[in-house]
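Data first, discussion second: the structure below is written as structure tokens.
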């Protein structure tokens, strides 16, 4: 099983601040996918195939990476970005999620 | 528009089973996989497996083999997940999602308590 380790686990960012969330895989994966989840709601697809933004996702978000290291970046934090973000790999069964990164507004 | 409507919250006793439903609309049900995901309150996401309604084919994460059973009723465009031999560790939200996790249901809360 591929274990995905996200860092940081929690963080707070000020409006306008650049944010980077990292997802490291225990073995190489082909792509990484990201989801945003706000309290009491279902996860939303956010970034797929490592760097493609899902429909409706602001272009201040970006994704990058390869092999065992991937990241989600927000170029300029906004209040609406406060949420928990999860990475997901589907390169190998069982598909696995990272433990999540809770991003708060400072 | 694509919608996945899940059944309501369940309260079940240890050792019993619950059957959760996920009714699809807005697309051809038989053409897309349905995935199931577990999330314990305040915790992360865990992939359970999937079903392909077109032919009933299933795949289960090893951890959930024997725990979860997927079925699909094409006449009603509804996917089901049976959770058996319930224990308190099965208490969680369960989500269904369409292929590529592009669309999600609202989740069903299962509480296992005596």
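Protein chains in written order, with the working numbering: chain A, 314 to 419; chain B, 42 to 155.
Cβ atoms here follow ideal geometry from the backbone N, Cα and C, with glycine treated the same way.
8 Å Cβ cut-off: residues of chain B touching residue i
| i | result |
| --- | --- |
| residue 408(A) | 88, 102 |
| residue 380(A) | What residue 380(A) touches in chain B: nothing, since even the nearest Cβ is about 21 Å away. |
Within-8 Å CB hit, residue i to chain A
| i | result |
| --- | --- |
| residue 147(B) | yes |
| residue 142(B) | yes |
| residue 136(B) | yes |
| residue 85(B) | yes |
For residue i, the first and last residue of its enclosing beta strand (DSSP E)
| i | result |
| --- | --- |
| residue 324(A) | 323-326 |
| residue 78(B) | 75-80 |
| residue 101(B) | 98-101 |
| residue 120(B) | 119-124 |
| residue 53(B) | 51-53 |
| residue 363(A) | It is not in any beta strand (DSSP E) - residue 363(A) carries neither H nor E in the DSSP assignment. |
| residue 417(A) | 414-418 |
| residue 57(B) | No beta strand (DSSP E) holds residue 57(B); DSSP gives it neither H nor E. |
CB-CB length for residue i against residue j, believed under 8 Å
| i | j | result |
| --- | --- | --- |
| residue 398(A) | residue 414(A) | 5 Å |
| residue 355(A) | residue 49(B) | About 15 Å separates the two Cβ atoms, so there is no contact after all. |
| residue 113(B) | residue 121(B) | 7 Å |
| residue 123(B) | residue 57(B) | Contact flag wrong, Cβ pair sits at about 11 Å. |
Bridge partners - residue i, DSSP secondary structure assignment
| i | result |
| --- | --- |
| residue 348(A) | 358(A), 399(A) |
| residue 66(B) | 44(B) |
| residue 133(B) | 151(B) |
| residue 316(A) | Residue 316(A) is not bridged to any residue. |
| residue 106(B) | 109(B) |
| residue 93(B) | 98(B) |
| residue 379(A) | 382(A) |
| residue 128(B) | The partner list for residue 128(B) (beta bridge, DSSP) is empty, contrary to what the question assumes. |
| residue 114(B) | 119(B) |
| residue 71(B) | Residue 71(B) is not bridged to any residue. |
| residue 338(A) | 317(A) |
| residue 142(B) | DSSP, once it has assigned bridges, lists no residue as partnering residue 142(B). |
| residue 332(A) | 387(A) |
| residue 393(A) | DSSP, once it has assigned bridges, lists no residue as partnering residue 393(A). |
| residue 88(B) | 78(B) |
Minimum Cβ-Cβ distance from residue i to chain B less than 8 Å
| i | result |
| --- | --- |
| residue 376(A) | no |
| residue 320(A) | no |
| residue 399(A) | yes |
| residue 369(A) | no |
| residue 328(A) | no |
| residue 355(A) | yes |
Per-residue contacts from residue i into chain B (C-beta, under 9 Å)
| i | result |
| --- | --- |
| residue 361(A) | 141, 142, 143 |
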